[in-house]
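For reference, the structure is listed below as structure tokens.
Protein chains: 2
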Amino acid sequence: MTKKEILVREALLGSNDKVAADVRRMLRQRKILGVNLMSSPGAGKTTLLERIAERLAGTHRLAVIEGDIETERDAERIRAKGVPAWQITTGGACHLEARMIGRVFPEIPSDLDFLFIENVGNLVCPAAYDLGESLRCVLLSIPEGDDKPKKYPKAFLTADCLLITKSDLLPVLAYDLEGVKREALDINPRLTVFVLSALTGDGLEPFLEYLHRAREKAAAPDA
Amino acid sequence: MTKKEILVREALLGSNDKVAADVRRMLRQRKILGVNLMSSPGAGKTTLLERIAERLAGTHRLAVIEGDIETERDAERIRAKGVPAWQITTGGACHLEARMIGRVFPEIPSDLDFLFIENVGNLVCPAAYDLGESLRCVLLSIPEGDDKPKKYPKAFLTADCLLITKSDLLPVLAYDLEGVKREALDINPRLTVFVLSALTGDGLEPFLEYLHRAREKAAAPDA
Numbered sequence: 194m195t196k197k198e199i200l201v202r203e204a205l206l207g208s209n210d211k212v213a214a215d216v217r218r219m220l221r222q223r224k225i226l227g228v229n230l231m232s233s234p235g236a237g238k239t240t241l242l243e244r245i246a247e248r249l250a251g252t253h254r255l256a257v258i259e260g261d262i263e264t265e266r267d268a269e270r271i272r273a274k275g276v277p278a279w280q281i282t283t284g285g286a287c288h289l290e291a292r293m294i295g296r297v298f299p300e301i302p303s304d305l306d307f308l309f310i311e312n313v314g315n316l317v318c319p320a321a322y323d324l325g326e327s328l329r330c331v332l333l334s335i336p337e338g339d340d341k342p343k344k345y346p347k348a349f350l351t352a353d354c355l356l357i358t359k360s361d362l363l364p365v366l367a368y369d370l371e372g373v374k375r376e377a378l379d380i381n382p383r384l385t386v387f388v389l390s391a392l393t394g395d396g397l398e399p400f401l402e403y404l405h406r407a408r409e410k411a412a413a414p415d416a
Numbered sequence: 194m195t196k197k198e199i200l201v202r203e204a205l206l207g208s209n210d211k212v213a214a215d216v217r218r219m220l221r222q223r224k225i226l227g228v229n230l231m232s233s234p235g236a237g238k239t240t241l242l243e244r245i246a247e248r249l250a251g252t253h254r255l256a257v258i259e260g261d262i263e264t265e266r267d268a269e270r271i272r273a274k275g276v277p278a279w280q281i282t283t284g285g286a287c288h289l290e291a292r293m294i295g296r297v298f299p300e301i302p303s304d305l306d307f308l309f310i311e312n313v314g315n316l317v318c319p320a321a322y323d324l325g326e327s328l329r330c331v332l333l334s335i336p337e338g339d340d341k342p343k344k345y346p347k348a349f350l351t352a353d354c355l356l357i358t359k360s361d362l363l364p365v366l367a368y369d370l371e372g373v374k375r376e377a378l379d380i381n382p383r384l385t386v387f388v389l390s391a392l393t394g395d396g397l398e399p400f401l402e403y404l405h406r407a408r409e410k411a412a413a414p415d416a
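This is the structure:
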């Protein structure tokens with residue numbers, strides 16, 4: 194990378210951080226928990242959001258911002274659950290940036306409990322961009338294999354929690370569950386780890402309780 | 194992106210294309226088929242290479258360049274099969290570039306039949322970088338779901354073949370195999386599609402035959 198390119202990049206990243214800080218401040222003022230979901234393609238982010246939508250229906254207000262390279266597919270799946278969803282299609286960009294969130298932000302209702310942001314399916318690049326969330330979750334699906342955390346460390350290093358997903362496939366795959374947890378915690382000892390299946394709902398309850406606690410904490414006056 | 198950043202980026206990409214052209218010319222002169230494998234993390238690239246190494250042992254000469262953000266893990270797995278492997282750790286970069294290949298190229302034996310390049314696990318960014326390969330393969334694993342081609346079109350658009358992997362999981366997952374093929378071919382009608390399990394070896398044979406034919410074609414005097 195040339196010095197000029199580094200400067201251009203820093204300026205762009207700097208601007209990202211400023212917009213992210215604005216988004217985070219607005220979410221906190223409104224007592225909304227912003228959650229950024231990051232993972233490889235197909236780790237189960239949208240299916241998890243469908244399950245959360247079903248579980249919180251009638252008791253909590255949520256909305257979803259969907260990030261994808263192309264198509265409205267994920268937003269349509271969320272809307273089918275009765276939850277408002279905004280699709281950002283990045284048209285080639287491999288991650289969401291705070292400015293993309295900033296552009297749809299005026300349309301988001303101000304009386305929400307949770308705003309979920311589903312990032313582009315990519316275990317690498319999204320980790321470098323703060324979107325103004327208060328909680329960052331990385332999903333790692335069991336069929337991806339048990340050697341991933343140290344090969345893709347940044348997502349694990351910057352996340353608050355790790356969701357090991359598709360636990361319904363544990364009986365049919367050779368997988369070192371304890372080894373994966375250990376490796377992820379070795380990268381980032383502050384990670385809270387959950388093992389769940391969004392398909393069957395197994396293990397969803399502890400994660401929902403964690404979301405509620407995080408929301409209370411983020412909405413506290415001194416947060 | 195500013196005009197200045199676009200210029201800097203174009204210069205960098207231009208330089209990538211020049212190095213890629215050099216790598217491709219050298220591989221063709223030596224009658225080596227260069228194969229670039231791209232996919233999400235955990236789609237089975239390394240396991241496929243292990244199976245290929247076993248099948249071609251004693252009859253063909255191959256080598257592997259492994260791309261990862263961190264760790265030597267994949268190169269170690271390939272070396273355990275008796276195949277020379279070079280690990281490129283990108284230290285954060287989300288894809289391989291031709292210059293990275295160019296730097297290890299002088300160490301690669303000149304009497305090979307196949308040089309496999311396993312890209313960083315990322316279904317988005319690697320598609321934008323020519324590495325000097327003659328054959329580009331995108332892997333899509335069945336547990337990633339059947340809605341991926343149109344969400345991540347560039348990898349499918351730029352590939353010569355699509356390997357739908359982990360077919361051993363078809364019996365336990367709801368998956369529209371014909372729908373995925375149709376969608377991928379809708380993006381790129383020139384794709385040759387294979388369905389296989391690197392775990393069991395099912396479906397490997399037609400892909401190996403395809404590799405042999407591609408090598409003969411790439412090594413032909415008028416290639």
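Line by line, the protein sequences give chains G and R. Just so we're aligned, residue 194 is where the first sequence starts under this note's numbering, counting upward by one. Just so we're aligned, residue 194 is where the second sequence starts under this note's numbering, counting upward by one. Ideal Cβ placement from N, Cα and C applies to all residues, glycine included.
Would you report the Cα separation of residue i and residue j, rounded to the nearest angstrom?
i: R:R254; j: R:D304; result: 7 Å
i: G:A412; j: G:D306; result: 10 Å
i: G:E247; j: G:E398; result: 13 Å
i: G:D361; j: R:L363; result: 14 Å
i: G:T283; j: R:G275; result: 43 Å
i: G:I294; j: G:A214; result: 12 Å
i: R:A291; j: G:E243; result: 41 Å
i: R:V212; j: G:A250; result: 55 Å
i: G:E265; j: R:I301; result: 45 Å
i: R:P342; j: R:R329; result: 16 Å
i: G:A391; j: R:D210; result: 43 Å
i: G:K344; j: R:T240; result: 16 Å
i: G:G285; j: G:E259; result: 15 Å
i: R:E326; j: R:M219; result: 11 Å
i: G:R272; j: R:G314; result: 31 Å
i: G:P299; j: G:V216; result: 10 Å
i: G:E281; j: G:R221; result: This sequence places Ile at residue 281 of chain G; Glu is not what is there. Going from the Cα of G:I281 to the Cα of G:R221 covers about 22 Å.
i: G:A348; j: G:R270; result: 25 Å
i: R:A376; j: R:P346; result: Per the sequence presented here, residue 376 of chain R reads as Glu, with Ala not at that position. Rounded to whole angstroms, R:E376 to R:P346 spans 10 Å at the Cα level.
i: G:T393; j: R:A268; result: 36 Å
i: R:L308; j: R:D353; result: 16 Å
Does any residue of chain R bring its CB to less than 9 Å from the CB of residue i?
i: G:V365; result: yes
i: G:V276; result: no
i: G:G394; result: no
i: G:S334; result: yes
i: G:G314; result: yes
i: G:K374; result: no
i: G:V317; result: yes
i: G:L362; result: yes
i: G:K410; result: no
i: G:D340; result: yes
How many whole angstroms separate the CB atoms of residue i and residue j, which I take to be in contact at a CB cut-off of 8 Å?
i: R:N312; j: R:L230; result: 6 Å
i: G:V257; j: G:A278; result: 4 Å
i: R:N381; j: R:L350; result: 5 Å
i: R:L289; j: R:I310; result: 7 Å
i: G:D379; j: G:D339; result: That belief does not hold up - the Cβ atoms of G:D379 and G:D339 are roughly 14 Å apart, past 8 Å.
i: R:V386; j: R:K374; result: 5 Å
i: R:D395; j: R:L401; result: R:D395 to R:L401, Cβ: 13 Å. No contact.
Looking at the C-beta of residue i, does it have a partner C-beta in chain G at a distance below 9 Å?
i: R:V388; result: no
i: R:G295; result: no
i: R:P346; result: yes
i: R:I262; result: yes
i: R:E337; result: yes
i: R:A416; result: Per-residue confidence for R:A416 stands at a pLDDT of 49, beneath the threshold of 50, marking its modelled position as unreliable; the derived number appears in the next sentence. Answer no: the Cβ-Cβ gap between R:A416 and chain G never drops below 9 Å.
i: R:P234; result: yes
i: R:D210; result: no
i: R:D369; result: no
i: R:R266; result: yes
i: R:C287; result: yes
i: R:D306; result: no
i: R:K224; result: no
Given the structure, does residue i come close to the ligand GDP, in the sense that its CB is under 8 Å from one of the ligand's heavy atoms?
i: G:P399; result: As presented, the structure is devoid of all ligands, the ligand GDP included, so that no description of it is given.
Original post:
Can at least three beta-carbon pairs, one atom from the segment 233 to 241 of chain R and one from the segment 323 to 335 of chain R, be found at a separation below 8 Å?
Top reply: Pairwise C-beta distances place the segment 233 to 241 of chain R in contact with the segment 323 to 335 of chain R, as three or more of them are shorter than 8 Å.
Subject >> Inter-stretch contact at 8 Å, needing at least 3 Cβ pairs: the segment 395 to 410 of chain R / the segment 217 to 228 of chain R >> reply: Counting C-beta pairs closer than 8 Å gives three or more between the segment 395 to 410 of chain R and the segment 217 to 228 of chain R, which meets the contact rule.
Original post:
How do the segment 356 to 364 of chain R and the segment 314 to 326 of chain R stand: do at least 3 beta-carbon pairs fall below 8 Å, yes or no?
Top reply: The segment 356 to 364 of chain R, when compared against the segment 314 to 326 of chain R, does not touch it at the 8 Å Cβ threshold.
Original post:
Along the chain, which unbroken stretches of the beta strand (DSSP E) at least 3 residues long are found entirely within the segment 331 to 364 of chain R?
Top reply: Listed in chain order, they are 354 to 358.
Original post:
Unbroken beta strand (DSSP E) runs of length 3 or more, entirely within the segment 217 to 295 of chain G: which are they?
Top reply: 226 to 231, 255 to 261 and 278 to 282, all fully within the segment 217 to 295 of chain G.
Original post:
What alpha helix (DSSP H) runs, 4 residues minimum, are completely inside the segment 373 to 407 of chain R?
Top reply: You should have found no qualifying run.
**OP:** Any chance you could list the beta strand (DSSP E) runs of at least 3 consecutive residues sitting entirely within the segment 293 to 333 of chain G, in chain order?
**Re:** Within the segment 293 to 333 of chain G, the complete beta strand (DSSP E) runs of at least 3 residues are 307 to 311.
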